[in-house]
Amino acid sequence: MPFYLGKLRGGGGQKSFTPPPKEITNLVTVSPAASSPPIIEDQAPHRRRLFHRRSPHHRSSLSSVKHAKHLPSELIKDLTCDPSIHVSSKLLEEMGLEYREARRGHLISPPSPSRGGTVLVGGLLNDNGTSCYMDSVVFALFATSQAYDALINPPNTGSASRSPSPFQPASSRVDGKTAEELRTQLRVIVNRLRSARHVSIPLVAHLRRILRRAGWVGERETQEDATELFLHLTSILGGPLVPLTRTLTYPLPEDPASPVKSKGGKDTTITSERFLTLPLPDIPSPSSSSSSPRQGMPLILEDLIRTYLRGNNITGLEREGRRVDAQEIIQVHPFWTSESPAGVETHLRRSAFPTLSLPMMLPRYTWDLSTGSAIRDDRGIACPLVLDWSKARLAPVKDAYLVLHSAVCHEGNSPQSGHYTSWTLSQSCLRCWKADDLDSPPISSRTMTEMLRDVSLNGYLLFYECWPSSSLKAFLRGMQGPNTRGTEEHKGKSREDRVVDD
């Protein structure tokens with residue numbers, strides 16, 4: 001006759017047996033077997049069963065948990081297989097409520113600063129030693145900033161009801177059910193981060209599982225490139241694009257019969273990008289004065305931006321029947337666009353993103369074609385906390401400043417190895433937080449000096465938010481407040497001393 005297994009209780013001595021509740025008797029029966037695992041007989045297919053694989057003597061009934069029906073079945077399996085998590089009715093009830101609210105579109109605001117100096121955001125735990133790239137991107141995008149909240153809001157909030165363009169990449173043409181499942185999972189994770197609760201390993205594993213269904217190539221056993229994940233997320237969730245104006249200027253032949261001197265030609269096109277890829281100058285050769293090809297003079301982010309905007313010379317451009325040399329000048333505009341020149345339109349209107357975040361990618365890795373391995377550029381890149389939009393020659397606009405709000409850093413020999421971490425400013429920018437999913441706890445409060453030092457050495461993906469001068473003034477006043485740590489280098493300096501000089 002089958003018998004029912006309940007929970008074992010007791011200390012290090014003999015354990016006593018607690019009979020299961022009556023409602024479990026209609027859910028799971030176990031036939032005794034000495035040398036084989038217990039046989040599970042599902043007597044109620046319309047109910048879920050929870051079988052704890054860690055111990056064949058542990059059973060938990062979901063029938064008595066009101067909101068457990070909102071939990072994905074795959075997540076329940078991950079929860080019960082994680083030895084670090086004690087699965088209880090209370091835990092299942094709380095997580096069920098989280099998923100119910102997330103499916104309804106609930107997304108809490110970023111946390112407000114604490115007067116006591118305690119950390120007010122949560123962190124993500126590492127899944128299988130390979131999820132640091134996912135954890136870092138999610139933390140940098142959502143932990144304390146609302147610039148990308150429209151990506152994970154319900155699709156009826158500020159969405160543009162248009163069918164996907166045939167020019168859209170296949171990886172971004174995801175069915176609506178999978179896309180909404182991804183948004184729901186991200187809302188659950190972001191709500192935990194913003195309520196100072198850590199994101200457990202099963203939740204991270206379930207996010208990767210949904211990403212796989214949405215066309216992501218990353219396996220549980222592999223680490224991937226954080227910038228590629230950012231591109232994938234913004235593509236399938238309808239993220240905005242950064243508009244660029246590209247102008248080619250070139251000389252034209254003089255007309256001997258015309259008294260007017262030719263001013264040359266000019267071609268202007270509009271393009272858009274997900275982020276700016278700032279080229280790094282060539283690494284010095286081993287024969288140079290540097291002791292190592294990986295070491296050289298530190299670089300400056302403003303110089304990289306100006307090279308990106310004005311350093312592209314094109315030779316052999318054909319105009320009016322002759323070949324000429326042209327110079328390309330790029331301007332970055334301080335607003336989003338929802339459509340690319342190729343006809344690919346995002347699912348969200350520009351108004352859904354009130355805060356502009358300008359992503360910048362630092363390509364620290366090149367590839368050796370002879371060996372097929374990556375080569376890392378270890379030179380430091382001085383990244384300022386504040387950039388003046390006009391002085392950095394991004395565009396001739398006034399009252400626009402860029403503040404380094406978050407960053408993804410990487411240490412390792414290739415983007416598919418090593419370790420990713422991320423940084424973000426607090427809501428009031430009085431301090432910054434570092435997220436490292438291998439640390440315990442995975443979130444720590446740090447000084448801005450520490451953040452800028454790490455970003456200089458290991459910065460890979462930077463997120464500069466566009467602020468008006470009024471917000472910047474409040475930010476600078478807060479940095480000199482009595483509760484600010486690690487900002488002594490800013491005291492006694494004017495606002496103009498802390499922005500980019502022309």
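Residue 325 in UniProt numbering is what sits at position 325 of the sequence shown, and the numbering runs on without skipping anything. Glycine included, each C-beta is placed from N, C-alpha and C at the ideal position.
Following the DSSP letters along the chain, one finds L107 in no alpha helix (DSSP H), marked with neither H nor E. For V403, there is no enclosing alpha helix (DSSP H); the enclosing beta strand (DSSP E) covers residues 401-411. V121 is positioned such that its CB atom lies closer than 7 Å to that of A196. In this chain, the beta strand (DSSP E) harbouring F463 covers 459-467. Per DSSP, T337 is not a residue of any alpha helix (DSSP H), being assigned neither H nor E. Proximity to E181 across K434, G418, A102 peaks at A102, based on C-alpha coordinates.
Less than 7 Å separates the beta-carbon of P298 from that of A382. Under a 10 Å Cβ-count criterion, Q327 is classified as exposed, with fewer than 16 other Cβ atoms of the shown protein chains found around its own Cβ. Minimum Cα-Cα distance from L79 among the listed residues L124, G176, V204, A147 corresponds to V204. Judged by pairs of C-beta atoms under 8 Å, the region 439-458 touches the region 401-412, as three or more such pairs exist. Beta-bridge partners assigned by DSSP to G265: Y250. In the DSSP annotation of this structure, the continuous segment of the beta strand (DSSP E) that includes L425 starts and ends at 419-425.
Contact check for G129 against A435 fails: the beta carbons are separated by 7 Å or more. Going by C-alpha positions, H86 is about 21 Å away from L207.
Distances from the CA of D135 to each of R323, S88, L425, S200 were compared; the closest alpha carbon is that of S200.
About 19 Å separates the Cβ atoms of P363 and T421, ruling out a contact at the 8 Å cut-off. By alpha-carbon distance to R323, the top candidate from I329, Q331, I314 is I314.
Straight across, the Cα-Cα distance linking G215 with V174 is about 8 Å. Residue pairing from DSSP places K434 in a beta bridge opposite W423, S444. The C-alpha of M361 lies about 23 Å from the C-alpha of I152. Beyond the five residues adjoining it in sequence on each side, L438 comes within less than 6 Å, by CB distance, of N126 in the same chain, given in chain order. The alpha-carbon of Y250 is positioned some 15 Å away from that of T269. Straight across, the Cα-Cα distance linking A374 with L229 is about 19 Å.
Within the model, the alpha-carbon separation for K473 versus W467 is close to 10 Å.
Here R274 has L231, T234 as same chain residues with Cβ atoms under 6 Å from its own Cβ, once five neighbours each way along the sequence are excluded.
The criterion of a C-beta distance shorter than 7 Å is not satisfied by Q223 and Y148. When C-alpha distances from W423 are compared across L91, S145, A68, G105, the shortest belongs to S145.
In chain order, P240, L241, V242, P243, R350, F353, L356 place their CB closer than 8 Å to the CB of W336, counting only its own chain and leaving out the 5 sequence neighbours on each side.
A check of alpha carbon separations from I236 across G311, P155, T247 identifies P155 as the nearest.
Straight-line spacing of the CA atoms in M95 and S444 works out to 25 Å.
Contact check for A179 and H410: beta-carbon distance about 28 Å, past the 8 Å limit, so the pair fails to qualify.
Leaving aside the five residues that flank R220 on each side, the residues in its chain whose CB is nearer than 8 Å to its CB run, in chain order, D127, N128, T130, A205, R208. Restricting attention to G238, W433, C81, F463, the CA atom closest to the CA of M451 is found in W433.
For the pair D82 and P279, the CB atoms are not nearer than the 7 Å cut-off.
Rounded to whole angstroms, the separation of the alpha carbons of Y308 and D267 is 18 Å. Around the beta carbon of L369, a 10 Å sphere encloses fewer than 16 other beta carbons of the protein chains shown; the residue is thus reported as exposed.
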